[in-house]
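So that you can map any letter, position 669 of the sequence shown is 669 in the UniProt record's numbering, and since no number is skipped, the others follow by simple counting.
In this text, a Cβ means the ideal position worked out from N, Cα and C, and glycines have one as well.
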Amino acid sequence: IGYDENLNTIRTYQVCNVFEPSQNNWLLTTFIDRRGAQRIYVEIRFTVRDCSSIPNVPGSCKETFNLYYYETDAVIATKGTAFWMEAPYLKVDTIAADESFSQVDFGGRLMKVNSEVRSFGPLSKNGFYLAFQDYGACMSLLSVRVFYKKCPSVVQNFAIFPETMTGAESTSLVIARGMCIANSEEVDVPIKLYCNGDGEWMVPIGSCTCKAGFEPDNGNLTQCMNSCPPGTFKSSQGPGLCLQCPPNSRSTSEAATICVCRNGYYRGDADQPDQPCTSVPSSPRNVISFVNETSVILEWHSPRETGGRNDVVYNIVCRKCRADRRSCSHCDENVDFVPRQLALTDTRVFISNLVAHTLYSFEIQAVNGVSNKSPYPAQHVTIDITTNQAAPSIVPIMHQISSTMNSFTLSWPQPEQPNGIILDYELRYYEKDHAEINSTVLRSQTNTARVEGLRSGTVYVVQVRARTVAGFGKFSSKMCFQTLTDDDFKSELREQLPLIAGSAAAGVVFIVSLVAISIVCSRKRAYTKEAVYSDKLQHYSSPGMKIYIDPFTYEDPNEAVREFAKEIDVSTVKIEEVIGAGEFGEVYKGRLKLPGKREIYVAIKTLKAGYVDQQRRDFLSEASIMGQFDHPNIIRLEGVVTKSRPVMIVTEFMENGALDSFLRQNDGQFTVIQLVGMMRGIAAGMKYLSEMNYVHRDLAARNILVNSNLVCKVSDFGLSRYLQEDTSDPSYTSSLGGKIPVRWTAPEAIAYRKFTSASDVWSYGIVMWEVMSFGERPYWDMSNQDVINAIEQDYRLPPPMDCPSALHQLMLDCWQKDRNVRPRFTDIVSTLDKMIRNPTSLKAIANIPAVDLLRIGVTLAGHQKKILSNVQTMRVQMSQSPSTLA
1 IGYDENLNTI RTYQVCNVFE PSQNNWLLTT FIDRRGAQRI YVEIRFTVRD
51 CSSIPNVPGS CKETFNLYYY ETDAVIATKG TAFWMEAPYL KVDTIAADES
101 FSQVDFGGRL MKVNSEVRSF GPLSKNGFYL AFQDYGACMS LLSVRVFYKK
151 CPSVVQNFAI FPETMTGAES TSLVIARGMC IANSEEVDVP IKLYCNGDGE
201 WMVPIGSCTC KAGFEPDNGN LTQCMNSCPP GTFKSSQGPG LCLQCPPNSR
251 STSEAATICV CRNGYYRGDA DQPDQPCTSV PSSPRNVISF VNETSVILEW
301 HSPRETGGRN DVVYNIVCRK CRADRRSCSH CDENVDFVPR QLALTDTRVF
351 ISNLVAHTLY SFEIQAVNGV SNKSPYPAQH VTIDITTNQA APSIVPIMHQ
401 ISSTMNSFTL SWPQPEQPNG IILDYELRYY EKDHAEINST VLRSQTNTAR
451 VEGLRSGTVY VVQVRARTVA GFGKFSSKMC FQTLTDDDFK SELREQLPLI
501 AGSAAAGVVF IVSLVAISIV CSRKRAYTKE AVYSDKLQHY SSPGMKIYID
551 PFTYEDPNEA VREFAKEIDV STVKIEEVIG AGEFGEVYKG RLKLPGKREI
601 YVAIKTLKAG YVDQQRRDFL SEASIMGQFD HPNIIRLEGV VTKSRPVMIV
651 TEFMENGALD SFLRQNDGQF TVIQLVGMMR GIAAGMKYLS EMNYVHRDLA
701 ARNILVNSNL VCKVSDFGLS RYLQEDTSDP SYTSSLGGKI PVRWTAPEAI
751 AYRKFTSASD VWSYGIVMWE VMSFGERPYW DMSNQDVINA IEQDYRLPPP
801 MDCPSALHQL MLDCWQKDRN VRPRFTDIVS TLDKMIRNPT SLKAIANIPA
851 VDLLRIGVTL AGHQKKILSN VQTMRVQMSQ SPSTLA
């Protein structure tokens, strides 16, 4: 029994054997359960006698003692065991007194109590023992308090954090994960707090907030128990409070996140939940029209009711009607609206390019941001207008058909808007170096005129205009044409000499053909659709001509796509209907509306889903090829879509589709001159490709597209079929390795894979035969191997029915076995131009002599059965024309 600092009696552990040497006194606690703590704190209250206050104290007197601990999973120490002094204790510290006592008063000692705190860790076993060692001090151990520290459970930022033990070190930070309280949800993840070594929480990271439809309890950040009552809402999570429903909306249940619009009211796609619900506008008012020939100005007043919105715009619906008003159809695409037809912000629009003497119905719609939500049509007002008489529109372009030393012949298309029957045309022309006042006027009943009495080697400026009962239209833009010089005339004779030599017995007959020479006044003429029309007769020359670059030579094929094909924003493309299937996916008809340009029809090739990278490269290689070409007889690439799905190639739309099927559908409907014109366009396109050193390898009527003006354009530059080993197209064979269109391919290309412009010329001869036969299949039902054998034995296709002999002779020239003697595409274009300028050369119809029938029967004996029906057809034709047997 001892005393505390207040001289109260307490139970203590005392030792004071300072006069005996070699002291080693131990005090051991019972087993202490760790309870999950990693660091333990020990608070010791004790007193120590000052050695100097003890008379005759030996030098071994101490004023300190040692604190130890031993960690174990089970109870070990019992009385009588050697554990007391033999256990492997770990020393915590040597404890020294801050103050010692030495005085004695009132028969007792004046106590000076010391208090020290020590900690140790980390601990991992179930519990531990504490041991105190005295080695020669006079001391009393008053109390020992053993404890650990923890951070208490707490709610912060709408998240609850559990009670958390401190770390193993006094500087440790222990992470505690938080959990959102009821009716709240996370804002930032993860939500956590750090518990420091003193059992204190650090600044929280992350937070929760009340869910939409719930608000904090009177600003208390520990509860989200208040749900929004009916008539109120809270649209998003956060600390905000419930709001009253905006006008024209309501909520009928608790915890509403949005107020529903009342009947007849709507929210726009961009409207926020706290904005009022609005309605559609009423119709425009007081429409006024001003008609000026084929143009109309419409003006109107804004609707009386805007629906509570300030985003009202106007759409114009244009319909062209019959005079009796029984039926109406949408206006032509060439009708212009200024500033635009849709989403007008002004209450005025100028409409032009209408047809004269025609009834139009214009519907002016008022729409706003919620009109698309209403189940009812937009409010509108309609006005009917009849256009006035009008002069014809401008003649778009002129081109030169032929030229001599003192004349030239010109041709031009009809104005796009004739506005009535064209009575005649008026040309005015003058020498370029003279004043316009000296111009001469010439009238023509047709869209072709021969201007005579000109000076040789002189450039003339020419304009033309059309006349109807309403008067003359405006003159076309100025174009320049030149007559031949004497040197030009002689040079032309020299070029034509090899072609016009006759037999030696009959003598030599010279036929002079005139070459069209066009000189454009300005090098800056824009490449418009009128220029395309003019360029149908353009001659491309080698100097300065760019050369085709094979996209497969690029290390990265995507680089070729970026260089030669323009990327199109997918939002400008509108797909309308499927028109076919390509090698890689569907082909669609659609519309393309690029910024600042008119909307046009386009063909859209798509890459089907599930493609591999090689298929994507092969698909886009066609765009890389097509994008390098710029010619009126080559299909025009509008651009590609590669940054979204599906991947697309967008080209100009050809209304009449593939040439072979178009001809079959219109069998016998075209004149020879029209057919020659089609062939001339194909030859011009191939001439351009050959001059760019591009070999097509698959020239066939199925790969020629035709537009509404019968302009033929070369297409299909993908070459993918040569890379694929399976195809259902019977036009191609794999017996020779790879895929080759045998019926259209030159012998050297079949045998040795020698594809050149000369092999394209052979294919062009087959295309000529397809055109003149109105889409008949070359070599009819003969197998591909039979075709190869027949060609090897010098068999050539006979002329189709009513085929001019000059055209069949050109075909035979294209089918020369020696590719070096076949004509070039330049020669073919020149020959066809002469035929067009001299239609009488096409009157002689090709005949098949009877001896040819016999030769065919003998030469092709190995496959007579295959061609028997065709020979019989020839005989029938000959019997109908006995002169062929002469």
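Nearest-angstrom beta carbon gap, residue j and residue i [assumed within contact, 8 Å]
i      : j      : result
Lys150 : Thr166 : 6 Å
Leu699 : Ser621 : With a Cβ gap of about 18 Å, Leu699 and Ser621 do not count as contacting.
Val761 : Ala701 : Not quite, the Cβ-Cβ distance comes to about 16 Å (not below 8 Å), so this is no contact.
Val280 : Gln379 : 6 Å
Val117 : Glu43  : 5 Å
Tyr265 : Thr278 : 6 Å
Thr358 : Glu299 : That pair is no contact at about 21 Å.
Closest by C-alpha distance to residue i, when choosing among the options
i      : options                           : result
Cys224 : Leu141, Pro230 and Cys242         : Cys242
Gly268 : Gly308, Ala256 and Leu454         : Gly308
Val441 : Leu423, Val461, Asp433 and Ser456 : Val461
Lys211 : Thr840, Cys228 and Trp201         : Cys228
Ser172 : Cys180, Gly178 and Asp198         : Asp198
Gly36  : Met626, Asn126 and Asn789         : Asn126
Glu169 : Cys180, Cys195, Arg145 and Glu163 : Cys195
Leu342 : Asn368, Gly213 and Pro396         : Asn368
Asn334 : Ile351, Ala609, Ala323 and Gly685 : Ile351
Tyr588 : Val573, Lys597, Pro595 and Thr64  : Val573
Ile397 : Ser329, Thr448, Gly420 and Val349 : Thr448
Asp486 : Ser153, Ser456, Phe670 and Cys480 : Ser456
Glu305 : Pro284, Asn56, Val714 and Ser295  : Pro284
Val787 : Ala391, Trp744 and Arg45          : Trp744
Ser302 : Asp813, Thr345, Arg326 and Cys261 : Thr345
Helix, strand or coil at residue i [DSSP, three-state]
i      : result
Asn226 : strand
Ile682 : helix
Gln880 : Summary for Gln880: the model assigns pLDDT 45, below 50, so the residue's position carries little reliability; its value from the coordinates is reported in the next sentence. In this structure, Gln880 counts as helix in the three-state DSSP scheme.
His399 : strand
Ile750 : helix
Tyr89  : coil
Ile437 : helix
Phe161 : strand
Phe65  : strand
Ala366 : strand
Ala96  : strand
Gly231 : coil
Gly765 : helix
Cys138 : coil
Val821 : helix
Trp744 : helix
Val341 : Checking the sequence, you will find Gln at residue 341 rather than Val. DSSP places Gln341 in coil when its eight states are reduced to three.
Arg443 : strand
Phe214 : strand
Leu27  : strand
Asp487 : helix
Lys114 : Reading off the sequence shown, one finds Asn at residue 114, where the question assumed Lys. In the structure shown, Asn114 sits in a strand (DSSP, three-state: E or B).
Test item: CB-CB of residue i and residue j under 7 Å
i      : j      : result
Leu123 : Arg34  : yes
Val317 : Ile383 : no
Lys474 : Ile394 : yes
Met626 : Phe774 : no
Cys259 : Ser251 : yes
Ser143 : Gln14  : no
Leu637 : Ala623 : yes
Gln463 : Arg428 : yes
Pro246 : Asp271 : no
Met768 : Met679 : yes
Ala323 : Pro392 : no
Ile175 : Phe158 : no
Tyr89  : Tyr70  : yes
Closer than 7 Å to chain C by CB, residue i
i      : result
Thr671 : Among the chains in the structure shown there is no chain C, since it carries only a single protein chain.
For this session: Flag this pair as touching only if the region 681-701 and the region 612-620 have three or more C-beta atom pairs under 8 Å; answer yes or no.
Result: As far as the Cβ criterion goes, the region 681-701 does not touch the region 612-620, which means the pair count is below three.
Problem set entry | Inter-stretch contact (C-beta, 8 Å, three-pair minimum) for the region 638-658 and the region 704-716 | yes
Problem set entry | the region 401-412 in contact with the region 291-310 per 3-pair CB rule at 8 Å | no
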